[in-house]
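Student:
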Amino acid sequence: MASKAKTRAARIPLTYVVALVPVAAALNIVGGTIRSALQLPIFLDMIGTAVTAIVLGPWWGALVGAITNIVNSFLSGPISLPFAVVNVVGALVWGYGHRWGWGKTNVGFFLLNILVAFLCSVTAVPIYVFIFGGATGHFSDVMTAAFLAMGQNLIVSVFSSNILVSLADKIISGYVALAIIEALPANLTQNLMLPKAEGLNRIILPVVGVVIGVAVMLIAIAVAN
Numbered sequence: 053m054a055s056k057a058k059t060r061a062a063r064i065p066l067t068y069v070v071a072l073v074p075v076a077a078a079l080n081i082v083g084g085t086i087r088s089a090l091q092l093p094i095f096l097d098m099i100g101t102a103v104t105a106i107v108l109g110p111w112w113g114a115l116v117g118a119i120t121n122i123v124n125s126f127l128s129g130p131i132s133l134p135f136a137v138v139n140v141v142g143a144l145v146w147g148y149g150h151r152w153g154w155g156k157t158n159v160g161f162f163l164l165n166i167l168v169a170f171l172c173s174v175t176a177v178p179i180y181v182f183i184f185g186g187a188t189g190h191f192s193d194v195m196t197a198a199f200l201a202m203g204q205n206l207i208v209s210v211f212s213s214n215i216l217v218s219l220a221d222k223i224i225s226g227y228v229a230l231a232i233i234e235a236l237p238a239n240l241t242q243n244l245m246l247p248k249a250e251g252l253n254r255i256i257l258p259v260v261g262v263v264i265g266v267a268v269m270l271i272a273i274a275v276a277n
């Protein structure tokens, strides 16, 4: 099964590959724009990354992630550029995690999103601390201040706030990506090692995942207040 996954992009028509990469990057950018407009305490800029990493492979997802942050650096300022590495890490974990069969069950897929969240936070914290001094203007800054007020040092405070936001974000992103993948043409999704769902369950599973992500987001808001 792993060998099949390795050749997925090669077996998918080039027209689909060429179309999916920019569309996925645009989805990331639109998600981030919606997040910014609504002041949501998450990121929403990796849904397209997850879709591409799972459907085409990890390095295609990494390309989408890099494109996303490069374009965002022109649209909303250079702050997003260093975080391209976070988007790339998310793509590699989603992509290789899927390739290795970690997400083929309901529990496995949920845990894969948790792993993405953790490793993205581990990657993001040094960027927050050493490049931006612990704050970038995101909602998580409020939580960082709350943890600092509790007596934690800057690195622990930034990680504590970022992991809460990242957990909510990656759970929501992972399950929205799953719903999108379910809607793609069958020739793009053959042999994908994802949770099996039929009929109404194909809708229920992503909805449940998003609800769990929203619950984590509400916990993050409560911590900030």
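Mapping to the working numbering: the sequence shown position 45 is 97, numbers consecutive. Glycine is no exception: its CB is placed at the ideal position from the N, C-alpha and C atoms. Model, not experiment: these values are computed from the prediction.
On a Cα-Cα basis, can you pick out the residue from GLY189, PHE161, LYS222 that is closest to VAL210?
Tutor: GLY189
Student: Who are the Cβ neighbours of LEU240 in its own chain at under 7 Å, not counting the five residues just before and after it?
Tutor: ILE64, TYR68, VAL107
Student: Only counting the same chain, and skipping five residues up and downstream in sequence, which positions put a Cβ closer than 6 Å to that of ALA76?
Tutor: GLY100, VAL103, THR104, VAL116
Student: Tell me whether ALA114 is buried or exposed, calling it buried when 16 or more other Cβ atoms sit within 10 Å of its Cβ.
Tutor: buried
Student: Go ahead and label GLY265 buried or exposed: buried means 16 or more other beta carbons lie within 10 angstroms of its beta carbon, across all protein chains shown.
Tutor: buried
Student: Please tell me whether ILE119 and LEU133 are closer than 9 Å, where the distance is taken between their beta carbons.
Tutor: no
Student: Suppose only complete runs of 4+ residues qualify. What are the alpha helix (DSSP H) ranges in the region 212-271, listed by chain order?
Tutor: 238-241
Student: Quick one: what's got a C-beta closer than 6 Å to ALA229's C-beta in the same chain, skipping five residues either side?
Tutor: ILE99, ALA102, VAL103
Student: Just to confirm my understanding: we take ARG87, look at its own chain, exclude 5 residues before and 5 after, and list those with CB closer than 8 Å. What are they?
Tutor: ILE94, PHE95, LEU96, ASP97
Student: With a threshold of 8 Å, are at least 3 pairs of Cβ atoms found where one atom belongs to the region 160-176 and the other to the region 191-199?
Tutor: The region 160-176 vs the region 191-199: no contact.
Student: Beta carbon of PRO110, beta carbon of GLY147: below 9 Å?
Tutor: yes
Student: Give me the Cα-Cα distance between PHE135 and PHE182, rounded to the nearest whole angstrom.
Tutor: 13 Å
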